[in-house]
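To keep things clear, I will list the structure first and then write my remarks on it.
Protein chains in written order, with this note's numbering: chain S, 28 to 493; chain D, 28 to 493; chain R, 28 to 493.
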């Protein structure tokens with residue numbers, strides 16, 4: 028007999044009854060606040076075209092690197108899951124997920140998926156081998172209906188604003204379509220220039236050529252290259268962007284003299300950069316981007332410390348984003364100093380820092396954000412976007428940086444259906460943390476109520492200038 | 028008056044009553060499962076010869092570096108404790124432990140020792156200065172009886188299988204004796220080649236000569252040296268081994284071209300290796316061992332990150348293993364890449380990773396094990412084999428790697444009598460962790476029951492191919 | 028209407044009722060123990076001259092870098108707060124603190140401040156914009172009365188002994204005044220030689236010249252320089268010092284041959300040292316100081332791992348100590364080895380280690396302190412002197428180092444009025460930690476009572492030889 032699936036009303040709250048009571052009361056006031064999603068990876072074409080999603084595997088399994096990563100770790104080939112345009116039968120792929128769903132016990136993927144299954148699709152039995160087809164059919168049928176088209180889900184999810192992420196070469200045509208449509212959903216872009224900023228990005232030299240083409244600037248000339256960025260940033264801003272996003276391997280910044288920067292650019296612009304030149308160029312570009320942010324007001328985000336494509340064989344076969352990005356120890360104190368020496372005390376400049384290296388929370392990030400006016404801390408990120416990860420974030424940053432140097436939650440996901448689940452999880456964990464502070468008389472209850480709303484909603488709007 | 032010693036039935040469970048109730052129920056079902064001890068340092072001669080253990084100090088104090096390390100840290104000389112064949116009177120050594128037993132408050136040694144005192148020897152007063160002689164006499168008398176001989180204790184402890192650890196130069200005669208005896212206890216070996224793999228090991232060149240002698244291979248020739256390893260691995264496997272074990276200072280691996288590897292071997296084979304050559308050779312040998320594991324099916328274990336013999340004066344006087352091994356920050360992401368590039372996606376290859384650097388749990392180890400099919404995470408190790416250490420391990424690995432990329436518990440100890448205490452502690456802590464997940468509705472109760480048995484018993488058997 | 032301010036009797040204890048009951052009982056026995064403050068930064072002139080403190084802003088806001096750092100991080104200029112002799116109106120500065128007091132939610136500053144407001148000044152409404160003037164007037168008026176002069180507060184706070192920190196160039200005249208007075212308060216100094224030990228300290232060469240002048244030794248000669256240290260240490264000891272304190276950027280030590288040390292000194296003594304020479308000289312001086320400690324019995328303290336004056340613009344404008352000191356990853360295992368190789372096993376030598384890098388707690392510091400007789404662990408320090416920070420300290424050090432390789436609490440503060448608040452916080456958190464151990468049956472209740480007093484009082488006296 029199938030096992031029941033039900034989401035307990037008190038899930039994710041601390042177990043101690045008085046703490047739980049406080050958490051429940053706090054959560055009660057924020058559970059229905061609209062979702063502000065200032066950083067993520069949903070596909071704007073969904074909202075532009077509003078076509079139905081495909082089947083369960085295509086929507087929920089194949090694009091979700093949290094899911095196929097874990098299955099791969101237990102010896103299930105990516106081909107069998109149909110990842111990256113694999114030819115696998117989607118129902119068979121889904122059955123593999125179902126039969127191995129126990130692997131996700133104790134992981135946030137389990138929590139997000141169960142939320143989607145229960146709340147979005149009304150399923151009331153647990154996913155396992157024997158319910159695989161029931162799940163596949165239920166989900167796939169629902170997706171064919173109008174109520175499950177992207178715009179309908181966007182509204183049902185009570186999303187106030189969502190940001191996607193695009194490279195400078197993107198023409199943002201889907202964003203244009205959305206803006207020109209009569210649909211009122213607010214979908215904005217964010218400027219992610221890695222493909223034309225990172226000399227080690229695949230196709231970097233070709234990307235510069237394309238950027239020249241797109242902007243009419245000569246992007247083999249340092250000034251032309253910078254002008255092209257300014258032009259694209261202005262265009263992105265016009266299409267709603269309020270932020271830029273930078274996914275560097277390290278947090279290194281540089282502040283070279285103009286002629287040094289130009290010589291460096293000339294060394295790297297045709298591809299084949301030496302590793303140390305590539306690193307220095309990325310470092311310099313963070314400072315250039317900071318300078319442009321001071322001019323155009325776009326909030327800057329830095330996501331450093333991922334060793335991308337660690338699995339060489341998989342990268343050769345499938346390319347990027349197949350779940351082999353591994354965190355690295357990251358030095359913010361020395362790394363950020365050149366940029367901070369230049370712009371750290373500028374009013375109006377805002378830099379949101381993320382990390383995959385939790386040792387930096389209490390040691391580096393909270394002290395930096397608790398001092399520099401321009402710095403804020405992004406929420407627990409990626410591998411740490413989880414109950415324990417979020418608790419560690421709060422426990423290790425709050426005492427030095429406070430709550431008001433953080434920016435609320437963002438989901439950072441391409442798994443559209445899980446977005447409300449992720450925000451719900453974050454709200455519950457934050458309310459639980461606040462409840463512990465109240466129970467230990469480290470915070471008054473009226474303050475906790477104010478903070479619960481700030482963490483769930485207000486801080487994100489303010490920090491991202493939405 | 029002596030203070031009572033009693034082990035509370037609820038010890039080590041979380042304090043919150045409902046969580047404790049769940050933990051107790053989970054523990055009830057795993058408390059009596061047999062002990063699987065796939066990695067440790069007991070002496071096979073105990074089980075081969077089955078001679079009585081000596082006195083309390085000789086069995087419980089002098090070989091236990093957790094105990095004499097702490098006493099030494101408070102200024103008690105190792106001589107006075109009779110460590111390393113010191114001439115100290117064992118009763119006097121025991122009295123020193125007793126009088127300083129308060130030093131162990133809050134440490135796992137205290138928990139293990141109290142278990143041994145209470146459960147193995149039936150003592151019901153606390154160890155302190157005034158009970159020192161009572162303890163010494165009670166324990167020493169008991170050890171003289173048949174019920175306390177090694178095989179009797181092995182059976183009383185309900186050990187299903189235990190692995191010892193031997194170097195390639197070991198002839199495994201005691202293992203042969205055990206196998207030829209009519210005793211049914213399963214005692215197997217594991218292949219620990221550090222003395223002939225680490226160019227900085229004491230007597231490395233002599234060890235190679237002895238390996239030549241033992242195997243008939245020319246171990247000053249690269250191919251002969253590798254053939255000798257294959258021969259000894261086959262012999263170890265015949266004597267029950269299912270695993271190898273590698274205790275390197277770092278997690279560095281290498282994958283040199285064959286001629287490069289040979290030239291490197293020729294540089295280091297006569298001893299006096301340059302530090303960078305020694306490091307590179309150890310790195311290369313991990314990849315060679317992985318290659319052999321693919322052939323012979325032995326599971327590979329890597330225990331990196333200990334600065335051995337940190338106290339120069341003590342090392343000069345007493346040699347290895349006198350408690351001055353200090354953990355180091357360890358980089359797995361870059362270190363393992365050469366080996367993983369070569370064998371990371373091989374079906375049938377299994378590499379179990381341990382760490383003394385807990386910062387790697389969430390940042391490196393869980394993401395690696397949550398992706399690579401060959402990788403599994405060993406349990407909290409050595410300094411972290413403790414209530415808080417185990418909780419940190421679960422909290423920091425589960426959300427990314429899940430439970431099924433971990434391998435259950437192993438005791439890694441030479442303190443034979445403490446083995447059940449250590450497994451009991453691990454089972455209690457794991458049940459407590461699962462209970463917290465259940466209480467927070469992050470896991471269903473039926474799943475927790477299944478997991479409790481997996482963590483206590485099934486995963487170790489499967490991971491070590493027992 | 029103003030919100031009430033009241034300090035709950037159970038504040039900072041764990042929420043679970045049975046744990047809280049145990050914590051309360053433990054705390055009840057230590058709450059009134061005298062304060063031993065063996066390391067801090069109060070100003071000896073306060074106790075020498077016993078003049079009234081000024082106004083609320085001057086006493087509580089302007090010298091407190093925890094407070095103005097956070098306000099600065101949210102864009103409030105230091106000028107407006109009157110930091111570093113800024114000309115700001117103190118009432119206006121105080122109003123800025125009041126209006127932004129919500130920034131401190133969840134931080135220890137909030138807990139300390141509320142204690143001071145409530146217990147020292149009897150305020151019973153919360154600090155916020157509308158109570159700013161009430162606060163300012165109440166505090167400022169009280170400070171004008173005899174009951175709030177330094178000596179009266181010292182006695183009211185039940186301080187048994189307090190150590191200040193002075194550089195070798197300090198003449199300790201205020202300490203002399205105190206000793207010559209008929210006041211019985213015990214105020215002692217500590218020897219902090221950074222200005223004449225760190226070649227990168229501002230004015231290093233001038234400081235050496237001044238040291239020559241003061242001691243009559245030729246401090247441009249290596250032997251004369253060392254003799255000057257010995258002379259000043261003897262003088263400091265005469266003025267009550269029982270310890271030295273060393274605030275280095277790293278934990279690096281060195282043990283050079285005498286002629287090498289002399290050549291190094293000759294390279295750095297005139298200022299303008301190369302960074303690697305500066306680092307090596309600091310490293311060597313730690314070993315020299317250890318040698319002197321063996322002779323004169325002063326306990327040595329090492330506080331490494333702060334990147335001082337990270338904010339270049341603020342440092343240029345305001346100089347040191349304006350809240351831009353940022354922690355660094357710190358390596359103790361390699362760093363301390365030269366010193367430990369030389370003096371690590373010496374009876375009578377004592378070195379207390381602090382850290383801002385919590386990753387070293389379980390990985391390096393507890394294993395080192397749990398082995399070397401000379402090493403002890405200082406309490407959670409600076410950014411980590413907080414409820415969560417102290418809990419992490421205990422959770423990550425106790426299982427390996429025990430309690431008796433730690434030294435109790437020290438407040439390390441210049442915020443005199445907050446000293447009892449800080450000790451109270453530490454006592455509550457330690458009692459809560461002990462209570463958890465008791466509730467989980469990891470410690471007996473009688474042992475917890477003994478430990479509570481040791482952690483609150485006895486260990487500090489013993490470790491600092493007071």
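Ideal placement from N, C-alpha and C gives every residue a C-beta, glycine not left out.
task = Decide yes or no for the touch test of the region 356 to 367 of chain S against the region 414 to 421 of chain S: beta carbon pairs closer than 8 Å, at least 3 of them.
result = no
ask   = Going along chain R in order, which residues have a C-beta closer than 7 Å to the C-beta of residue 478 of chain S?
value = Position 451 of the first chain, counted from the first residue, corresponds to residue 478 of chain S. Ordered by position in chain R, the residues that pass the 7 Å Cβ test against residue 478 of chain S are 132.
Separation of residue 222 of chain D from residue 230 of chain D, as counted between CA atoms = Within the second chain, numbered from 1, the residue matching residue 230 of chain D stands at position 203. Within the second chain, numbered from 1, the residue matching residue 222 of chain D stands at position 195. Their backbone Cα atoms lie some 8 Å apart in a straight line.
request  = Assign residue 316 of chain R to one of three DSSP states: helix, strand, or coil.
outcome  = Here residue 316 of chain R refers to the residue found at position 289 when the third chain is read from its first residue. Of the three classes helix, strand and coil, the one that applies to residue 316 of chain R here is helix, per DSSP.
inquiry  = Rounded to whole angstroms, what is the Cα-Cα separation between residue 456 of chain D and residue 168 of chain R?
reply    = Counted from its first residue, the second chain places residue 456 of chain D at position 429. Counted from its first residue, the third chain places residue 168 of chain R at position 141. C-alpha separation (whole angstroms): 56 Å.
query = Which two residues bound the contiguous alpha helix (DSSP H) that contains residue 417 of chain D?
reply = Numbered from 1 along the second chain, position 390 holds the residue referred to as residue 417 of chain D. Its alpha helix (DSSP H) spans residues 414 to 428.
ask   = Is there a Cβ from chain S that is less than 8 Å from the Cβ of residue 45 of chain D?
value = Reading the second chain from its first residue, position 18 is the one you call residue 45 of chain D. By this cut-off, residue 45 of chain D is an interface position.
key: Where residue 31 of chain D sits in the DSSP three-state scheme   = Translated into the one-based positions of the second chain, residue 31 of chain D becomes position 4. Of the three classes helix, strand and coil, the one that applies to residue 31 of chain D here is strand, per DSSP.
inquiry  = Whole angstroms are fine: how far does the CA of residue 328 of chain S sit from the CA of residue 270 of chain S?
reply    = Working through the first chain from its first residue, we reach residue 270 of chain S at position 243. Working through the first chain from its first residue, we reach residue 328 of chain S at position 301. Their Cα atoms are separated by approximately 7 Å.
key: Expected contact under 8 Å - CB spacing of residue 445 of chain R and residue 152 of chain R to nearest Å   = Taking the third chain and counting its residues from 1, one reaches residue 445 of chain R at position 418. Taking the third chain and counting its residues from 1, one reaches residue 152 of chain R at position 125. Wrong, their Cβ atoms sit about 20 Å apart, outside the cutoff.
ask   = Are the region 272 to 291 of chain D and the region 309 to 318 of chain D touching, with three or more C-beta to C-beta distances below 8 Å?
value = yes
inquiry  = Quick check: the Cα distance between residue 95 of chain S and residue 147 of chain S, rounded to an integer number of angstroms?
reply    = For the purposes of this step, residue 95 of chain S is identified with residue 68 of the first chain, where counting begins at 1. For the purposes of this step, residue 147 of chain S is identified with residue 120 of the first chain, where counting begins at 1. Straight-line Cα distance between these residues: approximately 21 Å.
request  = Would you give the residue range spanned by the beta strand (DSSP E) that residue 277 of chain R belongs to?
outcome  = Position 250 of the third chain holds residue 277 of chain R. Per DSSP, residue 277 of chain R belongs to no beta strand (DSSP E) and is neither H nor E.
ask   = Are at least three pairs of beta-carbons, each pair with one atom in the region 96 to 103 of chain R and one in the region 75 to 85 of chain R, less than 8 Å apart?
value = no
inquiry  = Taking 8 Å as the threshold (C-beta atoms), are residue 441 of chain D and residue 90 of chain D in contact?
reply    = Mapped onto the second chain, residue 90 of chain D falls at position 63. Mapped onto the second chain, residue 441 of chain D falls at position 414. For residue 90 of chain D and residue 441 of chain D, yes; Cβs fall inside 8 Å.
query = For residue 48 of chain D, which of S:53, S:48, S:42 and S:50 has the nearest alpha-carbon?
reply = Within the second chain, numbered from 1, the residue matching residue 48 of chain D stands at position 21. Cα-wise, what sits closest to residue 48 of chain D is S:42.
request  = Return the CA-CA distance between residue 114 of chain D and residue 397 of chain R, expressed in angstroms with no decimal places.
outcome  = As a working mapping, residue 114 of chain D is identified with position 87 in the second chain. As a working mapping, residue 397 of chain R is identified with position 370 in the third chain. Distance between the alpha carbons of residue 114 of chain D and residue 397 of chain R: 24 Å.
inquiry  = If I measure Cβ to Cβ from residue 205 of chain R and keep anything under 8 Å in the same chain, skipping five residues before and after, which residues do I get?
reply    = As a first step, residue 205 of chain R is located in the third chain; it is residue number 178 there, counting from the start. Excluding sequence neighbours, residue 205 of chain R sits near 71, 74, 75, 212 and 214.
query = chain A beta carbons: is any one of them nearer than 8 Å to that of residue 158 of chain D?
reply = As a matter of chain content, chain A is missing from the structure shown, whose protein chains are S, D and R.
query = Given that a residue counts as buried once 16 or more other Cβ atoms are within 10 Å of its Cβ, and exposed if not, what is residue 30 of chain D?
reply = Position 3 of the second chain holds residue 30 of chain D. Counting Cβ neighbours within 10 Å, residue 30 of chain D comes out exposed, since fewer than 16 surround it.
message = Taking CB distances under 8 Å as the criterion, tell me whether residue 411 of chain S reaches chain R.
response = Translated into the one-based positions of the first chain, residue 411 of chain S becomes position 384. By this cut-off, residue 411 of chain S is not an interface position.
message = Extract the residue ranges of the beta strand (DSSP E) inside the region 291 to 342 of chain D, only unbroken runs of 3 or more that lie entirely within it.
response = 326 to 329
key: Continuous beta strand (DSSP E) stretch holding residue 380 of chain S: start and end   = Looking up residue 380 of chain S in the first chain gives position 353. Here the beta strand (DSSP E) through residue 380 of chain S covers 378 to 380.
request  = Provide the residue span of the alpha helix (DSSP H) that contains residue 434 of chain S, from first to last.
outcome  = For the purposes of this step, residue 434 of chain S is taken as the residue at position 407 of the first chain. First-last for residue 434 of chain S: undefined, no H or E at that position.
Candidates D:339, D:454 and D:56, of which the one nearest residue 372 of chain R by Cα = For this step, residue 372 of chain R is matched to residue 345 along the third chain. Answer by Cα proximity: D:339.
request  = Helix, strand or coil for residue 353 of chain D, going by three-state DSSP, please let me know.
outcome  = Taking the first residue of the second chain as 1, we reach residue 353 of chain D at position 326. Note: residue 353 of chain D maps to strand in three-state DSSP.
message = If I follow the unbroken alpha helix (DSSP H) through residue 52 of chain R, where does it start and stop?
response = Locating residue 52 of chain R in the third chain gives position 25, counting from the first residue. 44 to 57 is the extent of the alpha helix (DSSP H) around residue 52 of chain R.
key: Whether residue 384 of chain D touches residue 354 of chain D by CB criterion (8 Å)   = The count along the second chain starts at 1 and reaches residue 384 of chain D at position 357. The count along the second chain starts at 1 and reaches residue 354 of chain D at position 327. Taking 8 Å as the Cβ cut-off, residue 384 of chain D and residue 354 of chain D qualify as a contacting pair.
query = How about residue 49 of chain R: is its C-beta nearer than 8 Å to some C-beta of chain S?
reply = Position 22 of the third chain, counted from the first residue, corresponds to residue 49 of chain R. Not an interface residue.
ask   = Is the region 367 to 381 of chain R close to the region 391 to 411 of chain R, with three or more CB pairs under 8 Å?
value = yes
key: Alpha carbon of residue 86 of chain D to alpha carbon of residue 140 of chain D, nearest angstrom   = One-based indexing of the second chain puts residue 86 of chain D at position 59. One-based indexing of the second chain puts residue 140 of chain D at position 113. Computed Cα separation, rounded: 12 Å.
request  = Starting from residue 135 of chain S, find everything on chain D with Cβ-Cβ shorter than 8 Å and list it in chain order.
outcome  = Here residue 135 of chain S corresponds to residue number 108 of the first chain, with the count starting at 1. Here the neighbours are 426.
task = Give the range of the beta strand (DSSP E) segment to which residue 190 of chain R is assigned.
result = Mapped onto the third chain, residue 190 of chain R falls at position 163. Segment 186 to 190, the beta strand (DSSP E) holding residue 190 of chain R.
Residues bridged to residue 527 of chain R [DSSP beta-bridge criterion] = Missing from the structure shown is residue 527 of chain R; chain R here goes from 28 to 493 and no further.
ask   = Given a limit of 8 Å on CB to CB distance, which residues of the region 391 to 403 of chain D reach chain S?
value = 391, 393, 394, 395, 396, 397, 398, 399, 400 and 402
inquiry  = Quick check on the burial criterion: 16 or more other C-beta atoms within 10 angstroms. Buried or exposed for residue 285 of chain D?
reply    = Start at 1 with the first residue of the second chain, and residue 285 of chain D comes out as number 258. That one is exposed.
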